[in-house]
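See structure below.
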Ligand code: XMP
């Protein structure tokens, strides 16, 4: 049976992925694609409707991405959000006003007409606005169906086409989920359900199909994402997969031994360990810029994988556990209109030319969705609950140049921090915790002597999907124990600080 699908055309908004997330939470299958995609891509899907996302462009920009005509030709329901709405208005000869002043924040939506899009939504409700340009003149035959005090047209409709100026996909829109559900279930008539088991079955089938008789290598770090990606691929193609664990010298204390043991024993993977410590450390010598570090590490990973691929026969694919949050922040969604936050080593850090094709089964998922998939696959909780650890490892937790001496200090401090939060039963309540070696030295006094040593920052955050995060509230007692243990047990450290910034404005990692 062909899967009922909503197609989301990605015009580059930071919120785009939330649209697909909301739909998936309602068990609605959706595909997030570039607006310039070919109709043929969806031949095996039963398309039920389209959502046009927001985006940073203005419809007036010469290069602005357009609304594909084939989408209109299908006569299927279309919902344009923000930039998507403006695109529709422009295509049907309405007027959009260019504005450099953004309307950003909550607004009260007033529903003017009964419409299936607003079924079971109160007449007055709170929505989230984030736009500059707006529709000032309706296309002929279109009806305004809702307004706010700032926009006479906050939503419109004409036959199978709807547009909303606000963002139903963000939490701050009180009835956003109802609106997206009304569009998908009531207007598009999506009937069948998508869930973790379907994802696993479809992914295994797609991997088998894509890979055929070739062999695959999978870069595996022992983190949740790469472990689950490798296990899915192993389920699909068995012995055609060789997993490669690279010890890049940037790992935490005892990590190589621990990871190799559970990859083999618990997941039953055929995994090879490569000692590439010297190679990475040498390349990072003298490098202080975070983006440069990420790019160097991404490139070295690929070189190691390509070397290993040559030792095996017929390897065509490099598999990775890339997630959607890595893709968004590295700004390589297919439309390429998102701004770069940082180059995740496995996405924006990849070299332009590679001899292997990428196989990334989790590229469309967020971390919590991956954990759900892992649960369904009966992967052991100790693996599923591991805190994320970035591919560039401790290199992006050491500010400034990475040296062996700094790595040793950070490893010891990090191990104490993690052990103490485990002892305090906090590890599973915290989304991610780690120590950072700042490049600040400060004056202290130990015994009767002056010291001038390193400052360690502790970072612990709660999050759902790494797109936003808040710092964790760890008790004073636990923080005191951690602080005094690090000071007493790790030489070269005389000051500990606790990071109390959320994301945004900070990011989770320091680099
Ligand atoms: P930021 O620092 O961007 O991190 O808020 C969001 C999440 O992504 C992890 N992270 C990475 N993971 N390769 C990865 O595999 C990377 O290059 C990378 N950079 C950040 C980070 O640890 C956090 O969980």
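Numbering (the working numbering), first residue to last: 28 to 538.
Note that beta-carbon positions come from the ideal geometry of N, C-alpha and C, so glycine has one too.
What's the C-alpha gap between residue i and residue j?
i	j	result
residue 344	residue 533	35 Å
residue 261	residue 226	15 Å
residue 405	residue 349	21 Å
residue 390	residue 475	55 Å
residue 165	residue 114	12 Å
residue 535	residue 81	25 Å
residue 36	residue 211	15 Å
residue 383	residue 231	20 Å
residue 306	residue 327	8 Å
residue 125	residue 134	20 Å
residue 120	residue 112	12 Å
residue 489	residue 163	41 Å
residue 105	residue 512	59 Å
residue 334	residue 244	11 Å
residue 417	residue 381	22 Å
residue 403	residue 55	18 Å
residue 195	residue 320	38 Å
residue 325	residue 216	44 Å
residue 493	residue 456	15 Å
For residue i, does the three-state DSSP call read helix, strand or coil?
i	result
residue 165	coil
residue 420	helix
residue 110	helix
residue 196	coil
residue 498	strand
residue 137	strand
residue 181	coil
residue 525	strand
residue 530	strand
residue 261	helix
residue 41	coil
residue 247	coil
residue 279	coil
residue 475	coil
residue 412	coil
residue 456	coil
residue 213	helix
residue 347	coil
residue 223	helix
residue 381	coil
residue 404	coil
residue 32	strand
residue 190	strand
residue 307	helix
residue 469	strand
residue 484	strand
residue 536	coil
residue 76	strand
Please classify residue i as buried or exposed, where buried requires at least 16 other C-beta atoms within 10 Å of its C-beta.
i	result
residue 318	exposed
residue 360	Residue placement at residue 360 is flagged as unreliable, the pLDDT there being 48, under the threshold of 50; the coordinate-derived value follows with that caveat. So residue 360 counts as buried.
residue 527	exposed
residue 202	buried
residue 117	buried
residue 295	exposed
residue 155	buried
residue 339	exposed
residue 87	exposed
residue 43	buried
residue 32	buried
residue 373	buried
residue 522	buried
residue 258	buried
residue 192	buried
residue 565	Since the first and last residues shown for the chain are 28 and 538, residue 565 lies out of range.
Let me make sure I understand the geometry here. Which of the options has the alpha-carbon closest to that of residue i?
i	options	result
residue 414	255, 431, 326, 250	250
residue 41	537, 519, 206, 353	353
residue 48	222, 407, 435	222
residue 209	50, 157, 321, 449	50
residue 486	509, 478, 469, 479	509
residue 283	491, 438, 444, 103	438
residue 108	94, 93, 79, 131	79
residue 273	310, 256, 300, 293	300
residue 520	431, 465, 197, 397	465
residue 256	151, 386, 224, 431	386
Taking residue i and residue j to be in contact with their CB atoms under 8 Å, please state how far apart those CB atoms are, rounded to whole angstroms.
i	j	result
residue 285	residue 420	The pair is not a contact, with the Cβ atoms about 14 Å apart (cut-off 8 Å).
residue 264	residue 332	Wrong, their Cβ atoms sit about 17 Å apart, outside the cutoff.
residue 190	residue 183	5 Å
residue 436	residue 517	6 Å
residue 76	residue 214	7 Å
residue 442	residue 280	5 Å
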